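See below for the structure under consideration.
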Amino acid sequence: MQTSQDILCIGSVLWDMVGRTDRHMKSGADVPGRIETLPGGVALNIAMTLSGFGLRPALLSVVGDDAEGHALVQRCVSMGLVTEYLYRSKDLPTDRYMAIEGANGLVAAIADAHSLEAAGDKILSALSDGRLGSADAPFEGVVALDGNLTTVLLAEIARSPLFAKADLRIAPASPGKAERLMPLISHPNATFYVNREEASILCQSKFEDSASAAKGLVGRGLGRVLVTDGGDPASEGTPDGVRSMTPPPVLVTRVTGAGDTFMAAHIAAELRGETPEAALQTALNAAAAYVCGETE
């Protein structure tokens, strides 16, 4: 089947409202800063980064048939993303995400992804109706999947013939949604991208570093995992062992979207044919450039 995209990005596509300040914040703080409204959501963040590496990602998600949705789709098209497979709902509003970041990192965030959850498997119709694949001829490329989907839908994906041949790259979206990914741990083609906290939640065990977290997830049956840990070493784990690398030291100016950037950069590096060591280094360099504000 001939398609015009290099990778599918399935999950949240929404507007991010992010407030940032260079001051340390605690509960109840009221400080000056900057507030931006930007295209976001895990799936869209990954797609935008992949586009920056010269790839053509297609989005599978829900976007409301409202003013916010039309503006968001126009932005996506202007960035070279494939939007023809989006489910455009007349009944569901475009989702939103709000975060506050201080000099001490992410202070608080609220993800309003209720439309994505309500849309359910409607966002996957192109994978079953022949446009991207079907049960008899499933999609065989790379799929970036985020944990903003419901537990029920993620469990269906784990056993669905539509994803039997896909190279699944999976991110939990947030520590609070990490447990949703449990059904996918045993998928033979799954690679998880998590931080150390998310790994601890999935294994129900506290890890002191990314290497032990990667080893723990592989021990649970996962074929491959990449675990980040802020400025401390990140690790890639497989049944053959664990490799770790330290990210470049940078001044952190933002954190929202850093994990998505790491994941997208790693996928792009592997699609270019980079070795596992080089791909991990490429991903760490991209994430470092993002958090210090060198890249969008």
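The opening position of the sequence shown corresponds to residue 1 in the UniProt record's numbering, with each subsequent residue numbered one higher. Every residue gets a Cβ at the ideal spot worked out from N, C-alpha and C, and that includes glycine. Fair warning: this is a prediction, and the values are worked out from it, not measured in the lab.
inquiry  = Relative to the C-alpha of arginine 34, which candidate in Asp91, Lys26 and Ala103 has its C-alpha closest?
reply    = Taking the first residue of the sequence shown as position 1, residue 34 is located at position 34. When C-alpha distances from arginine 34 are compared across Asp91, Lys26 and Ala103, the shortest belongs to Ala103.
ask   = Looking at the unbroken beta strand (DSSP E) that takes in alanine 144, where does it start and where does it end?
value = Counting from 1 along the sequence shown, the entry for residue 144 is found at position 144. Where alanine 144 is concerned, the enclosing beta strand (DSSP E) stretches over 142–146.
inquiry  = As a quick exercise: from Glu198, Ala278, Ala71 and Gly130, pick the residue whose alpha carbon is nearest that of threonine 37.
reply    = To locate residue 37, count along the sequence shown from 1; it is residue 37. That would be Ala71, whose Cα lies nearest to the Cα of threonine 37.
inquiry  = Between the alpha carbons of glycine 120 and proline 175, how many angstroms are there, rounded?
reply    = Here the question's residue 120 lines up with position 120 in the sequence shown. Here the question's residue 175 lines up with position 175 in the sequence shown. For glycine 120 and proline 175, the distance between alpha carbons rounds to 21 Å.
ask   = If you pair each beta-carbon of the segment 145–154 with each one of the segment 206–222, do three or more pairs fall below 8 Å?
value = no
key: Beta-carbon proximity list for arginine 169, same chain, < 6 Å, skipping 5 on both sides   = Your numbering for residue 169 matches position 169 in the sequence shown. Ala144, Thr191 and Ile267, listed in sequence order.
query = Quick one: what does DSSP say alanine 173 is sitting in, helix, strand or coil?
reply = For the purposes of this step, residue 173 is taken as the residue at position 173 of the sequence shown. Residue state, collapsed to three classes: coil.
ask   = Are the CB atoms of threonine 94 and glutamate 117 nearer to each other than 9 Å?
value = On the sequence shown, residue 94 is found 94 positions in, with the first residue counted as 1. On the sequence shown, residue 117 is found 117 positions in, with the first residue counted as 1. No, the pair does not count as a contact, with Cβ atoms beyond the cut-off.
inquiry  = Residues in the same chain with beta-carbon distance under 6 Å from aspartate 260, minus the five sequence neighbours each way, listed in chain order, please.
reply    = One-based indexing of the sequence shown puts residue 260 at position 260. If we look at aspartate 260 and ignore the five residues flanking it on each side, its Cβ neighbours are Val42, Asn45 and Ile46.
task = Tell me whether alanine 103 sits in a helix, a strand or coil according to DSSP, three-state version.
result = Within the sequence shown, residue 103 is the residue found at index 103, counting from 1. In the structure shown, alanine 103 sits in coil (DSSP, three-state: anything other than H, G, I, E or B).
task = Please go through the segment 237–269 and give each complete beta strand (DSSP E) segment of 3 or more residues, from N-terminal end onward.
result = 241–245
task = Following the continuous beta strand (DSSP E) through glycine 64, name the residue where it begins and the one where it ends.
result = On the sequence shown, position 64 is the one that residue 64 refers to. Segment 62–64, the beta strand (DSSP E) holding glycine 64.
request  = Using beta-carbon positions only, say whether alanine 269 and threonine 228 come within less than 9 Å of one another.
outcome  = By one-based count along the sequence shown, residue 269 stands at place 269. By one-based count along the sequence shown, residue 228 stands at place 228. Going by C-beta atoms, alanine 269 is not nearer than 9 Å to threonine 228.
query = In the structure shown, what three-state DSSP assignment does serine 235 receive?
reply = Your numbering for residue 235 matches position 235 in the sequence shown. Three-state result, serine 235: strand.
query = beta strand (DSSP E) containing serine 89: first to last residue?
reply = As a position in the sequence shown, residue 89 is number 89, starting the count at 1. That run of the beta strand (DSSP E) goes 87–89.
ask   = Does the beta-carbon distance from aspartate 16 to arginine 96 come in below 9 Å?
value = The residue labelled residue 16 in the question sits at position 16 within the sequence shown. The residue labelled residue 96 in the question sits at position 96 within the sequence shown. One thing to note: aspartate 16 has its Cβ within 9 Å of the Cβ of arginine 96.
Integer-rounded CB distance, given that valine 73 should sit under 8 Å from valine 63 = Start at 1 with the first residue of the sequence shown, and residue 63 comes out as number 63. Start at 1 with the first residue of the sequence shown, and residue 73 comes out as number 73. With a Cβ gap of about 6 Å, valine 63 and valine 73 count as contacting.
Local conformation of valine 18 per DSSP, three classes = Within the sequence shown, residue 18 is the residue found at index 18, counting from 1. In the structure shown, the three-state DSSP call for valine 18 is strand.
query = Helix or strand or just coil, what does DSSP make of glycine 120?
reply = Along the sequence shown, one-based indexing puts residue 120 at 120. If DSSP states are grouped into helix, strand and coil, glycine 120 belongs with the helices.
inquiry  = Quick check: what's the CA-CA separation for leucine 59 versus leucine 271?
reply    = In the sequence shown, the residue the question calls residue 59 occupies position 59. In the sequence shown, the residue the question calls residue 271 occupies position 271. Spanning the two alpha carbons is a distance of roughly 18 Å.
ask   = What span of residues does the alpha helix (DSSP H) with serine 77 cover, start to end?
value = For the purposes of this step, residue 77 is taken as residue 77 along the sequence shown, with counting starting at 1. The question names serine, yet the displayed sequence has valine at residue 77. Counting along the chain, the alpha helix (DSSP H) containing valine 77 begins and ends at 67–78.
query = Would you say threonine 238 and glycine 52 are within 9 Å of each other, going by their C-beta atoms?
reply = Here the question's residue 238 lines up with position 238 in the sequence shown. Here the question's residue 52 lines up with position 52 in the sequence shown. Against a cut-off of 9 Å, the Cβ pair of glycine 52 and threonine 238 comes out as no contact.
ask   = Between serine 27 and the rest of its own chain, which residues show a CB-CB distance below 6 Å, the 5 nearest in sequence each way excluded?
value = Taking the sequence shown and counting its residues from 1, one reaches residue 27 at position 27. The answer is none, since no qualifying residue turns up.
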